[in-house]
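*Asks:* My questions all concern the structure below.
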Amino acid sequence: MERWGFYLSGIQYGICEKEGEHIYHQPLNVETGEYGERRVLKKEEEWYKKLGKMDVLDALLHTEEYERALASNPEGFQTAAGTRYEQKSETEYVEREIKFPQDFLVENGRIIAFVTPARDCCSLLVREGYEDRTILPRWKEMYQEPICRVRPAQTCMVPMRDGIRLAADIYLPQKEGPVPVVLVRTPYGKSKDAEPYYRFVQRGFGVVIQDVRGREDSEGEWLPMYYEVEDGDDTLNWIAGQPWSNGDAAMTGGSYLGYVQWAAAASGNPHLKAMLSSVCSGSPFVDVPRRGGCFNSGMLAWAFAVSGQRMDAEKMARDDWDEVLSIRPLEELAPKALGYDVPFLRKWISHMDCDELWQRGSWKDRFGERRVPALIMSGWFDDNGMGTTEALDLYADYDEKKVILGPWMHSGNANYDIHGFALGNNALRYDMDLICFAWLEHYVNGVDNGIEKTPKVEYYTMGSNEWKSAENWPVPGTKELVLYLDGDGAENRGRLTTEKAFAAGADVYRYDPKDPPVHIIDLSENELEVPEDYTEEEKRKDILCYSTEVLEQDLTITGDALAKIYISSDCEDTDLVVRITDVDENGRSMKLADGVLSVRYRNQFTYPEFMEPGKVYPVEIRTTKLSHTFQKGHRLRVTVTSGAENFIFPNRNTRDGFNSVEMKTAENRIHRGGEYASRVVLRQEI
C-alpha cells in the first residue's frame with residue numbers, strides 16, 4: 023500500500039492511499055482538525071480540486087504509467103491519451119499544453135510528488151517519506167506552531183455609510199484573543215470557492231469574505247467599480263471594531279478581487295496593512311471596460327456572467343459571439359443576447375466620456391499620500407495588465423513592494439503553453455503562496471523573516487526563458503530604444519529603423535467598420551491578451567506592418583512601449599491599434615504586446631476632440647508590458663491598424679463612435695519621417 027499526503031500552503035488537507043487499482047482518502051475536517059473516515063476517492067470528489075486545482079485521483083492512477091514511460095524516455099514522453107511531459111531537470115518534469123499542470127518530481131526513476139501551480143498558490147501531493155525533498159521544509163521553517171482549527175462560518179450584514187448592508191461570511195481560528203484579518207471582497211459569491219481561504223485561518227488569521235454591493239446576499243445596486251473605495255473603507259472600519267479583530271487587516275485576491283484592494287487602499291484606511299494583489303483590474307479608461315476610451319467588447323463574457331444577482335459562469339460560453347457583437351445600438355445588445363436588460367451595461371453605454379461615473383472608479387487617481395505594502399503579481403498576457411501597470415506607476419517611488427511578473431495570462435501561474443506560444447519549462451513557480459504568507463507575516467504580524475530584503479522585482483524574460491531580478495520597475499539600467507516607422511507599411515514592406523528618415527512620407531489604409539481586423543481570441547475563454555499567430559491577419563490591406571532587419575544578435579526588450587503615431591483621416595474619429603510581434607525565421611508573427619486608443623481621446627478622456635479632415639494629429643499609445651528576447655535571426659515588428667474585432671467594439675468613424683448605427687469607411691494616413699516621424703519607444707536591456 024502506498025501512502026500520499028495532499029498539501030496546500032504547507033498544510034496537509036488529505037491522506038491518500040493506493041491499493042492496487044483503488045484509491046482511498048481521508049480529507050481533513052478543518053473545524054475538528056481531524057481526518058475523516060477512510061473512503062474511496064471517487065471521480066466526482068471536489069475537495070482537492072477546490073483547494074488547489076489538482077486532480078489527485080488522476081495523478082495516483084497514472085503514476086505507474088508515467089514511471090514506465092520515463093524508464094524508456096527520460097527526456098520526456100507523451101501518453102496514448104495525449105498527456106505530454108518534458109524534463110525540466112534531473113528530478114523535475116512538467117506537464118505541457120494544459121492549464122493547471124500536474125508536474126512531478128522523481129527520484130531513482132520513481133515519482134515522489136506531484137505539484138500543481140495555480141496563480142498565487144501551489145498544491146502538492148507527496149509520497150510518504152519524501153516530504154523533505156519538496157518545498158515543505160520551507161513551510162516548516164516559516165511556521166513552527168500547529169495549524170489552527172476553523173470555527174464554523176458566521177454571516178453578518180455589514181452597514182455602509184449610506185445604510186446599505188453588505189453580506190460577509192466570517193471564518194475565525196479557534197484560538198484565544200483577537201486576531202489579524204484577511205479581507206476578501208468579491209462579486210462572484212462569498213460562499214463559492216471559499217475552501218482555499220481556510221489556509222489563512224489555519225495560520226492564525228481571521229478571514230472575512232464579503233459580497234460586494236448588489237451581489238449575491240448583499241443589498242444595493244450592482245454597478246462595477248463605482249462604490250468600492252467607500253465600501254472597502256467602511257468594511258475595514260467595521261472589521262477593526264469587532265471584538266475578534268486586533269485592528270490589523272490585509273486583503274487578497276485577483277482580478278476584480280485585486281481591484282477592490284487598490285480601491286480600499288485609495289481610501290487611506292489606516293487598518294489596511296498589506297495587500298496580495300494578483301492581476302488587479304485598473305481604472306476604467308486605462309484598463310476595462312473602456313481601454314483607451316474604446317469599449318472593450320472582450321469583457322462581455324464576464325459582464326454576462328455577472329449580469330444577474332448571482333454569478334453564472336455558463337453565460338460566458340457562446341457560439342454566436344459574432345452575431346452578439348454586431349448588435350446596435352448597444353442598448354439592445356443585452357436584451358437581445360440574454361433576453362433581459364443589464365442595468366450596469368446600459369449605464370456604462372450612456373456615459374460616453376470619462377465623467378463622474380468613471381472617475382469615481384479610478385483608484386489610481388483617488389490615492390492620497392498613504393501607501394500600503396503590496397505584493398504585486400501579474401503576467402505579460404494578463405488582460406488586466408494595464409491595471410498592474412497603474413499600480414507599478416503609483417508605487418514607482420515606494421519601497422514597501424514586491425513585484426512578480428511572469429509569462430502568464432489572467433489566470434496567472436498556470437500554463438506552460440499559451441495559444442501555440444511555448445514557454446520554457448521554468449515558466450511556472452512553486453513558491454508564490456510561500457511569498458504571499460511571508461509578506462503577510464512581515465507586514466501584518468511584524469515577523470522579521472527577511473521578505474523585505476528580497477529583490478523588489480522578479481520577472482521572466484521570454485525567448486531566453488530566464489527569471490531575473492531588479493530593484494524597481496521600470497528595470498533600472500535599461501536604455502531607450504527608438505524605432506522609427508519607415509518604408510511602405512502596406513503588404514509587410516514597412517521598416518523599423520533607428521534613424522529618423524528626413525523625407526516625409528505616409529502610408530494609407532482604408533478602415534471599414536463592417537469588416538474590421540480581428541483580435542484573435544476566443545471570447546468564451548475570457549482571456550483577452552493571449553499571444554497568437556497574426557501572420558495571416560497581417561496580410562490584410564488595412565494593417566500596416568513595420569519590421570526591423572533580421573537581427574544579427576539577440577535583442578531583449580523589458581518594459582512597456584510608447585507608440586507615438588502621427589495620423590490624419592477623412593473622418594472625425596477612428597481608433598488606433600498598435601501591436602508588437604516577434605517574427606521568426608519562418609515568417610510566423612507572434613503577438614506579444616498591444617495598445618489601443620480612440621483618437622478623440624488623444625489628449626485626455628473627459629471630453630472628445632474630433633479630427634478635422636486632412637489635419638495631422640500626434641497620438642500616444644502605451645502598450646501592455648513584456649520582457650522578451652527577440653532572438654538572432656528573428657525580427658521585431660510593429661503593426662498599426664484601426665480595428666480589433668472581439669477585443670473592442672469597432673469604431674464606426676462617426677461622432678457616436680462604437681455605438682453608432684451609421685458607419686463610415688475611414689481613409690487613415692499614418693505619417694512617417696520628417697516633421698511627423700511616427701515611432702515606437704521601447705526599453706532595451708543592456
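To convert, count from 1 in the sequence shown and add 22; that's this note's numbering. From the three backbone atoms N, C-alpha and C, an ideal C-beta is built for every residue, glycine too.
Taking 7 angstroms as the limit between beta carbons, can you name the residues of its chain near G361, skipping five residues before and five after?
*Replies:* By one-based count along the sequence shown, residue 361 stands at place 339. Nothing listed; no residue qualifies.
*Asks:* On the premise that F627 lies in contact with C376, defined as a C-beta separation below 8 angstroms, what is that separation, rounded to the nearest angstrom?
*Replies:* For the purposes of this step, residue 376 is taken as the residue at position 354 of the sequence shown. For the purposes of this step, residue 627 is taken as the residue at position 605 of the sequence shown. Confirmed, about 4 angstroms.
*Asks:* Candidates V204, E547, S213: which alpha carbon is nearest C458's?
*Replies:* Sequence index remark: in the sequence shown, residue 458 carries index 436 (1-based). When each option's Cα is compared against that of C458, the closest is V204.
*Asks:* Taking DSSP's pairing of strands, which residues face C143 in a bridge?
*Replies:* Numbered from its first residue, the sequence shown carries residue 143 at position 121. Per DSSP, A140.
*Asks:* Across which residues does DSSP place I398 in a beta bridge pair?
*Replies:* Position 376 of the sequence shown, counting from 1, holds the residue named residue 398. S299, V425, per the DSSP bridge assignment.
*Asks:* By Cβ distance, which residues of its chain are closer than 6 angstroms to A492, with the 5 residues on each side in sequence left out?
*Replies:* The residue you call residue 492 lines up with position 470 of the sequence shown. Excluding residues within five positions, the ones whose Cβ falls inside 6 angstroms are V479.
*Asks:* DSSP state of M321, grouped into three classes?
*Replies:* Within the sequence shown, the letter at position 299 stands for residue 321. Reduced to three states, the DSSP call for M321 is helix.
*Asks:* Which whole-angstrom value is the C-beta distance of I565 and T646, which I expect to be below 8 angstroms?
*Replies:* As a position in the sequence shown, residue 565 is number 543, starting the count at 1. As a position in the sequence shown, residue 646 is number 624, starting the count at 1. Not a contact, Cβ separation roughly 18 angstroms.
*Asks:* Just how far apart, CA to CA, sit R183 and R382?
*Replies:* The sequence position of residue 183 within the sequence shown is 161, counting from 1. The sequence position of residue 382 within the sequence shown is 360, counting from 1. Answer to the nearest angstrom: the Cα atoms are 16 angstroms apart.
*Asks:* In whole angstroms, what is the alpha-carbon distance linking M273 and V346?
*Replies:* Residue 273 sits at position 251 when you count from the first residue of the sequence shown. Residue 346 sits at position 324 when you count from the first residue of the sequence shown. The alpha-carbon atoms of M273 and V346 are separated by roughly 37 angstroms.
*Asks:* Determine the extent of the alpha helix (DSSP H) in which G275 is found, giving its start and end residues.
*Replies:* If you number the sequence shown from 1, residue 275 lands on position 253. Segment 267 to 277 is the beta strand (DSSP E) holding G275; no alpha helix (DSSP H) there.
*Asks:* Is it buried or exposed, I708, if we count other Cβ atoms within 10 angstroms and call 16 or more buried?
*Replies:* Within the sequence shown, residue 708 is the residue found at index 686, counting from 1. The residue in question, I708, is exposed, as its Cβ has fewer than 16 Cβ neighbours within 10 Å.
*Asks:* Quick check on this structure: which residue in R141, E250, G36 has the alpha carbon closest to the alpha carbon of A449?
*Replies:* Indexing the sequence shown from 1 puts residue 449 at position 427. Comparing Cα positions, the closest option is R141.
*Asks:* Cα separation between E39 and R235?
*Replies:* Counting from 1 along the sequence shown, the entry for residue 39 is found at position 17. Counting from 1 along the sequence shown, the entry for residue 235 is found at position 213. Near 45 angstroms, if we compare the C-alpha coordinates of R235 and E39.
*Asks:* Whole angstroms are fine: how far does the CA of P195 sit from the CA of A262?
*Replies:* Along the sequence shown, read from residue 1 onward, the residue named residue 262 stands at position 240. Along the sequence shown, read from residue 1 onward, the residue named residue 195 stands at position 173. Looking at the two C-alpha atoms, the distance is approximately 17 angstroms.
*Asks:* When DSSP labels each residue in this structure, what does E238 get in the three-state scheme?
*Replies:* As a working mapping, residue 238 is identified with position 216 in the sequence shown. Of the three classes helix, strand and coil, the one that applies to E238 here is coil, per DSSP.
*Asks:* Please say whether V497 and A585 have beta carbons closer to each other than 7 angstroms?
*Replies:* Mapped onto the sequence shown, residue 585 falls at position 563. Mapped onto the sequence shown, residue 497 falls at position 475. No, the Cβ-Cβ distance between A585 and V497 is not below 7 angstroms.
*Asks:* Kindly list the residues whose CB is nearer than 8 angstroms to the CB of T177, restricted to its own chain and excluding five residues on each side of it in sequence; keep chain order.
*Replies:* If you number the sequence shown from 1, residue 177 lands on position 155. Answer for T177: A189, A190, D191, I192, D239, listed in chain order.
*Asks:* What does L505 pair with, by DSSP beta-bridge criteria?
*Replies:* Within the sequence shown, the letter at position 483 stands for residue 505. DSSP lists V702 as partners of L505.
*Asks:* Checking the sheet assignment: what are the DSSP bridge partners for E87?
*Replies:* Within the sequence shown, the letter at position 65 stands for residue 87. Beta-bridge pairing links E87 to no other residue.
*Asks:* Would you identify the three-state DSSP class for V618, choosing helix, strand or coil?
*Replies:* To locate residue 618, count along the sequence shown from 1; it is residue 596. V618 falls in the strand class under three-state DSSP.
*Asks:* Distance cutoff 7 angstroms, beta carbons only. Does E391 sit that close to anything in chain B?
*Replies:* In the structure shown, chain B does not exist; there is a single protein chain.
*Asks:* Identify, in the order they occur along the chain, each residue of the same chain with its Cβ nearer than 7 angstroms to the Cβ of G131, setting aside the five sequence neighbours on each side.
*Replies:* The residue given as residue 131 occupies position 109 in the sequence shown. Result list for G131: E89, L92, A93, in chain order.
*Asks:* For V172, collect the residues of the same chain with a Cβ closer than 8 angstroms to its Cβ; drop the 5 residues on either side in sequence, then sort them by chain order.
*Replies:* Within the sequence shown, numbered from 1, the residue matching residue 172 stands at position 150. Same-chain partners within the cutoff: V52, E53, Y193, L194, P195, Q196, Y220, V223, Q224.
*Asks:* Which first and last residues belong to the beta strand (DSSP E) in which F99 is found?
*Replies:* The sequence position of residue 99 within the sequence shown is 77, counting from 1. Run containing F99: 98 to 100, per the beta strand (DSSP E) assignment.
*Asks:* Rounding to the nearest angstrom, what Cα-Cα distance links E243 and D253 in this structure?
*Replies:* What you label residue 243 is simply residue 221 of the sequence shown in a count that begins at 1. What you label residue 253 is simply residue 231 of the sequence shown in a count that begins at 1. Roughly 12 angstroms separates the two Cα atoms.
*Asks:* Could you pull the start and end residues of the beta strand (DSSP E) that I602 belongs to?
*Replies:* Here residue 602 refers to the residue found at position 580 when the sequence shown is read from its first residue. Start and end: 597 to 605.
*Asks:* When burial is assigned at 16 or more other CB atoms within 10 Å of the CB, is Y35 buried or exposed?
*Replies:* Stepping through the sequence shown from its first residue, residue 35 is reached at position 13. Y35 should be labelled buried.
*Asks:* From I579 to K424, what does the alpha carbon distance come to, in whole angstroms?
*Replies:* Within the sequence shown, numbered from 1, the residue matching residue 579 stands at position 557. Within the sequence shown, numbered from 1, the residue matching residue 424 stands at position 402. So the two alpha carbons sit approximately 21 angstroms from each other.
*Asks:* Please classify H541: does DSSP put it in a helix, a strand, or coil?
*Replies:* In the sequence shown, the residue the question calls residue 541 occupies position 519. H541 falls in the coil class under three-state DSSP.
*Asks:* Let me know the alpha helix (DSSP H) ranges lying completely inside the stretch 103 to 182, each 4 residues or longer, listed in chain order.
*Replies:* If we require 4 residues or more, the alpha helix (DSSP H) runs fully inside the stretch 103 to 182 come out as 158 to 164.
*Asks:* Please determine if the stretch 425 to 445 and the stretch 385 to 400 are in contact, where contact requires at least 3 C-beta pairs separated by less than 8 angstroms.
*Replies:* Segments in contact, yes.
*Asks:* Which residue's Cα is closest to the Cα of V62: E513, V78, M454?
*Replies:* To locate residue 62, count along the sequence shown from 1; it is residue 40. Among E513, V78, M454, the Cα nearest to that of V62 belongs to V78.
*Asks:* Just to confirm my understanding: we take V683, look at its own chain, exclude 5 residues before and 5 after, and list those with CB closer than 7 angstroms. What are they?
*Replies:* Counted from its first residue, the sequence shown places residue 683 at position 661. Cβ within range, chain order: R350, P351.
*Asks:* Suppose only complete runs of 3+ residues qualify. What are the beta strand (DSSP E) ranges in the stretch 504 to 592, listed by chain order?
*Replies:* Counting whole runs of 3 or more residues, the stretch 504 to 592 contains the beta strand (DSSP E) stretches 516 to 519, 527 to 533, 566 to 569, 577 to 581, 584 to 591.
*Asks:* For Q704, collect the residues of the same chain with a Cβ closer than 6 angstroms to its Cβ; drop the 5 residues on either side in sequence, then sort them by chain order.
*Replies:* Within the sequence shown, the letter at position 682 stands for residue 704. It is Leu, not Gln, that sits at residue 704 in the sequence shown. So the list reads L503, I579, A583, once near-sequence residues are dropped.
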